[in-house]
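Report on the structure given below.
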Amino acid sequence: MFENCHLRIGDAPFASCVPLSSQLLASLYALPHCTEKPLREVLETLGDNVPWAESFAVAPEQTASAIATMLRHLMMATRDLEPGSITTDALPSDGRGRIHIDALRDLWLGNPAIVPADLATLKAFLACEAAEALQSFQVIWDRNCTQLTSLERAVLEHLESHHGKLDEDDIDHVRLISDRKICRAPASVLAGHVQRHLLDPSAPTAPMDDSLAVLSVRDALTECEAAAAIVQRWLAEDQTLAASEIGIILPSGPEYTHYLSEAFGQAGLTTSSLPGVPDRRNVGGETLLHFLQCRRRPAPAMALASLYCSPILCWSPDVGTALASAVMAGDFQPMLVQSLSGKQAALFSLIRSASPATNGQLKEQMRSFQRLLSDDELFAPDVAEAKQLASRLLAALGNANDAAEAELEKAIQMAAAYQAPPCPRGDYFLGGISVMLAHEAPKRQFRKLLVLGFNDGAYPPSPSGNPFFLDSEIVAIAGATGLQLPSQAKQLDAALELFARQIGAASEQVIFLLSERDRGGSFLSVSSSLPLISRLVAGLEDPESLVVPLTHSEGTIWDRLVAWKPRPVMEPLQPLEVPSHYEFDLDLLGLRKKDDGSPRAQSPSRLEKLLISPLAWVLAELGAEHVSWQPEALDVMLRGSLAHEVFERLFPPGKDHPSNEVIEEKVPELLLERIRAIAPFLQTSAWAVERNTLEAEITKAAKHWSLVLRSLNAEIVGNEFWLSGTLFGHPVHGKADCLLRLPDGQPIVVDYKKSSSGTRRQRLQKGWDLQVDLYRRMTVRIDERSHEGVVRIGETLSGWSKLPAVAYHTLNDGNVLLNGVEVFDSTEVELVAGDIAENALALISARFEALKAGRLETNTTADAKFFQKAASLGTYALEDSPLITAFMRDDTAPSVTLPDDQDD
Numbered sequence: 001m002f003e004n005c006h007l008r009i010g011d012a013p014f015a016s017c018v019p020l021s022s023q024l025l026a027s028l029y030a031l032p033h034c035t036e037k038p039l040r041e042v043l044e045t046l047g048d049n050v051p052w053a054e055s056f057a058v059a060p061e062q063t064a065s066a067i068a069t070m071l072r073h074l075m076m077a078t079r080d081l082e083p084g085s086i087t088t089d090a091l092p093s094d095g096r097g098r099i100h101i102d103a104l105r106d107l108w109l110g111n112p113a114i115v116p117a118d119l120a121t122l123k124a125f126l127a128c129e130a131a132e133a134l135q136s137f138q139v140i141w142d143r144n145c146t147q148l149t150s151l152e153r154a155v156l157e158h159l160e161s162h163h164g165k166l167d168e169d170d171i172d173h174v175r176l177i178s179d180r181k182i183c184r185a186p187a188s189v190l191a192g193h194v195q196r197h198l199l200d201p202s203a204p205t206a207p208m209d210d211s212l213a214v215l216s217v218r219d220a221l222t223e224c225e226a227a228a229a230i231v232q233r234w235l236a237e238d239q240t241l242a243a244s245e246i247g248i249i250l251p252s253g254p255e256y257t258h259y260l261s262e263a264f265g266q267a268g269l270t271t272s273s274l275p276g277v278p279d280r281r282n283v284g285g286e287t288l289l290h291f292l293q294c295r296r297r298p299a300p301a302m303a304l305a306s307l308y309c310s311p312i313l314c315w316s317p318d319v320g321t322a323l324a325s326a327v328m329a330g331d332f333q334p335m336l337v338q339s340l341s342g343k344q345a346a347l348f349s350l351i352r353s354a355s356p357a358t359n360g361q362l363k364e365q366m367r368s369f370q371r372l373l374s375d376d377e378l379f380a381p382d383v384a385e386a387k388q389l390a391s392r393l394l395a396a397l398g399n400a401n402d403a404a405e406a407e408l409e410k411a412i413q414m415a416a417a418y419q420a421p422p423c424p425r426g427d428y429f430l431g432g433i434s435v436m437l438a439h440e441a442p443k444r445q446f447r448k449l450l451v452l453g454f455n456d457g458a459y460p461p462s463p464s465g466n467p468f469f470l471d472s473e474i475v476a477i478a479g480a481t482g483l484q485l486p487s488q489a490k491q492l493d494a495a496l497e498l499f500a501r502q503i504g505a506a507s508e509q510v511i512f513l514l515s516e517r518d519r520g521g522s523f524l525s526v527s528s529s530l531p532l533i534s535r536l537v538a539g540l541e542d543p544e545s546l547v548v549p550l551t552h553s554e555g556t557i558w559d560r561l562v563a564w565k566p567r568p569v570m571e572p573l574q575p576l577e578v579p580s581h582y583e584f585d586l587d588l589l590g591l592r593k594k595d596d597g598s599p600r601a602q603s604p605s606r607l608e609k610l611l612i613s614p615l616a617w618v619l620a621e622l623g624a625e626h627v628s629w630q631p632e633a634l635d636v637m638l639r640g641s642l643a644h645e646v647f648e649r650l651f652p653p654g655k656d657h658p659s660n661e662v663i664e665e666k667v668p669e670l671l672l673e674r675i676r677a678i679a680p681f682l683q684t685s686a687w688a689v690e691r692n693t694l695e696a697e698i699t700k701a702a703k704h705w706s707l708v709l710r711s712l713n714a715e716i717v718g719n720e721f722w723l724s725g726t727l728f729g730h731p732v733h734g735k736a737d738c739l740l741r742l743p744d745g746q747p748i749v750v751d752y753k754k755s756s757s758g759t760r761r762q763r764l765q766k767g768w769d770l771q772v773d774l775y776r777r778m779t780v781r782i783d784e785r786s787h788e789g790v791v792r793i794g795e796t797l798s799g800w801s802k803l804p805a806v807a808y809h810t811l812n813d814g815n816v817l818l819n820g821v822e823v824f825d826s827t828e829v830e831l832v833a834g835d836i837a838e839n840a841l842a843l844i845s846a847r848f849e850a851l852k853a854g855r856l857e858t859n860t861t862a863d864a865k866f867f868q869k870a871a872s873l874g875t876y877a878l879e880d881s882p883l884i885t886a887f888m889r890d891d892t893a894p895s896v897t898l899p900d901d902q903d904d
């Protein structure tokens, strides 16, 4: 408000000029302090008789904010701040313009206390007489300014009626108003021509010269580094140029501020009034936001993980990291929780508790969270920030009925909207390089000017939308009522006028710098004002041809702006010679040990990784695997887990196999139950299509499995049971999905796979399977905690004198691949004969021997093709870590050779 308006207080020669504000007026006229009533409280009492009622019911905070903004514009469009002076009779009675203006006026008329405090101060001033001023002063303002509102102009004119007009030849008026409109560069150079005719569509062209240039670099960081290099060259070549005669304009926001501070600091350049850079993250605000997001069930896994990792919670970083890792792996109740006690146990219980049903419960949960934050002095400022924000949210919820439905979404929106206090502007240095922000008008002239961030959306910024009126409606309102409300066209005009004033402050040279890409690598467009500049340059057919990229800098203005350093001569690096193996003086097979020092068991999945890449296996043994943090998704692993658990409950041991009708009835409820347990995010409406598709897939697979069981006349003995044993002297274990028993007593260990049978069949036929073949070589794990079902499984397996049969049930196509049954008569099952693990076991044996000897074998670039083609194995292990590729030999031969390698 009152942009570029000043008061000259006191008499010469001791008079001082200060910016005009409502607070200054209040002090000069001893005006009373004004308070305002919260607008939302008033809006909640209006009911459905206002045009924005439906919007307010859906999004009260956003609607209240939009109404407050438009109501302020309406107030400033009046000259007397009196709602009764607004007449809309000339507008169509059923038009949107009149309906909304009348509603806003009536809202103001019936609730005068909602007038913002600073505007109420101006209204009090308009009622003052000249004699009420506490001292004499004069107002300095631009009477020709088109951006002043009716209220601002009325206040300025009222001031002049009290203290007299200031002549336009007055030294302060010239200094603060007239001089700032002057185009500083000579009209004979391109910069001066652009300054004078930027907004003149009929202006002639001028030849290109170095007084104005538009340069592009890769990103914002490179912009700031280029700006530092350009300033260094300017100062080095012109001894008469002072640093204070150089101006820099930056886009608002911390990105450019941080980069410019760093680049100029390294170059030894002093900046003046550079905005401050935040010295810490908004940890307190983030933590409270994540806690509130986790109050909404199902809690998003990434929100839970981020909350667990917060340094201001009452547990150690190790505990937070372990809990976060477990959540991202799908484990919402890890074993670690059993060791928590006291405040830590209470905090975990609070985080995993049910969503608040009422406002009273929400408030109590927020108070409990405040009590369970860290006591570490190191994080005291962040803890205080979280507690203060929580207190503000509690105060905002204070008027809500405790028994009413919890306003959780409102609390989340308020927490998300919180921002740490902005950093103050940096110190002013008389001899420093002046830094302005893109929304600020220059207060003095410069010889050189750098404009950074010359990209689309800046210079000028995009006009903000108006949720109440179209520009055409604003024009109609102005014509019928005289009310000058802000429009997008007016915003654009003001922004272009400001841009013209900014570049007009340079007397010698104006350089624009823009980014070709953002921080994510996406392409950025140049500012929309580039065509306004380029049409004034002779010989340009395309505005983009005015832009000089750094990548094509040789022989261009870049050579005259930057003192290039000679390119260093780089000796080519010798390629890394990866040996066939590395030697270590330890038993690599025993990297993971139990508390008693014995080696931990290997699982089939770990051994399959060892088949493909010993390095990937070692990284996994050391816990050095990459853990990806990404939003929850219904991937192959989760589809398989859900299908397995539904099958376990749909086909219980010792029961009749369910009919198609029973399967159709039970699968939906069983799937929903398991989703609640292991994948709660799938309950939301956004996942309805995927959830229904998975339900149909499981139903189809279950019907076929029931048909297979009946055709084999097989009994289900048990589901989900642990097996353990040894493989080449090393302990192994695994969990099988199902155990069947044929009429002759032969057991079949079954593993469900949420995939199709094609690749799995080839793997079995080529002798490269490992999982189910290991299952038949192990025994059921039985101890004092084993229940009757586990004992029954053990008896079934031990009662058969030979190795049990094994089978894969591939759920996507319903196939059952069976191995190890001699007497076989079923068209519903596919028999795979022979040794299905011959090659896999031979390679595992060789791998074990190498690991025991401390030899870590490396992969070659041919391994992926070999394992995929000759063994039909997935090669995901080769993608586990960039280290595996870095330590991969460039060789056309695979790293493993077996006597019976298959090349087809």
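When you number the sequence shown by full-length UniProt numbering, it's gap-free, plus one each residue, and the end is 904. From the three backbone atoms N, C-alpha and C, an ideal C-beta is built for every residue, glycine too.
Does the ligand ADP have a heavy atom nearer than 7 Å to the CB of residue i?
i, result
"L449", "Summarising the ligand content, the structure contains no ligands, and the ligand ADP is consequently not present."
Who pairs with residue i in a beta bridge, going by DSSP?
i, result
"N819", "V806"
"R519", "According to DSSP, which records beta bridges pairwise, R519 is partnered with nothing at all."
"G247", "S434, L449"
"W722", "K735"
In three-state terms, what does DSSP make of residue i?
i, result
"H730", "strand"
"D904", "With a pLDDT of 41 at D904, under the threshold of 50, the modelled position of that residue is not reliable, and the figure given next carries that caveat. It is coil, neither helix nor strand."
"L452", "coil"
"R889", "strand"
"Q765", "helix"
"D471", "helix"
"S136", "coil"
"Q445", "coil"
"Y418", "coil"
"A59", "coil"
"T860", "strand"
"N839", "helix"
"R196", "helix"
"R741", "strand"
"C294", "helix"
Report back the beta-carbon spacing between residue i and residue j to the nearest angstrom; my notes put them in contact at under 8 Å.
i, j, result
"V896", "L851", "At roughly 14 Å, the Cβ-Cβ gap does not stay under 8 Å, so V896 and L851 are not in contact."
"D880", "E695", "Incorrect: roughly 32 Å between the Cβ atoms, too far for contact."
"L212", "V231", "So it is not a contact: roughly 17 Å between Cβ atoms."
"A840", "N819", "About 13 Å separates the two Cβ atoms, so there is no contact after all."
Let me make sure I understand the geometry here. Which of the options has the alpha-carbon closest to that of residue i?
i, options, result
"L536", "H258, T78, V189", "V189"
"L372", "K410, I748, I351", "I351"
"R519", "L496, A220, C5, P251", "A220"
"L288", "L362, M335, K865", "L362"
"D106", "N49, T860, R444, A380", "N49"
"E409", "A458, Q484, R297", "R297"
"A702", "G734, I663, I433, R691", "I663"
"L709", "S826, V689, I836, G725", "S826"
"L739", "P731, K754, L723", "L723"
Kindly confirm or deny that the segment 93-100 and the segment 35-45 touch, where touching means at least three C-beta pairs closer than 8 Å. Segments in contact, no.
Would you check if there are 3 or more beta carbon pairs closer than 8 Å linking the segment 261-276 to the segment 459-473? These segments do not touch.
Three or more C-beta pairs closer than 8 Å, one from the segment 62-76 and one from the segment 22-39: is that the case here? The segment 62-76, when compared against the segment 22-39, does touch it at the 8 Å Cβ threshold.
Any 3 or more C-beta pairs closer than 8 Å across the segment 674-692 and the segment 636-653: With the cut-off at 8 Å, the segment 674-692 and the segment 636-653 touch.
Inter-stretch contact at 8 Å, needing at least 3 Cβ pairs: the segment 440-451 / the segment 510-527: The segment 440-451 makes contact with the segment 510-527, as at least three CB pairs between them are under 8 Å.
Decide yes or no for the touch test of the segment 391-399 against the segment 332-349: beta carbon pairs closer than 8 Å, at least 3 of them. Contact fails between the segment 391-399 and the segment 332-349, because fewer than three Cβ pairs, one in each stretch, are under 8 Å apart.
So, does the segment 867-880 touch the segment 759-774, judging by three or more C-beta pairs under 8 Å? Output reads yes: the segment 759-774 touches the segment 867-880.
Is the segment 49-58 touching the segment 148-157, taking contact as three or more C-beta pairs under 8 Å? Touching, no.
Within the chosen definition, does the segment 77-86 reach the segment 479-491 through at least 3 CB pairs nearer than 8 Å? Counting Cβ pairs under 8 Å, three or more are found: they touch.
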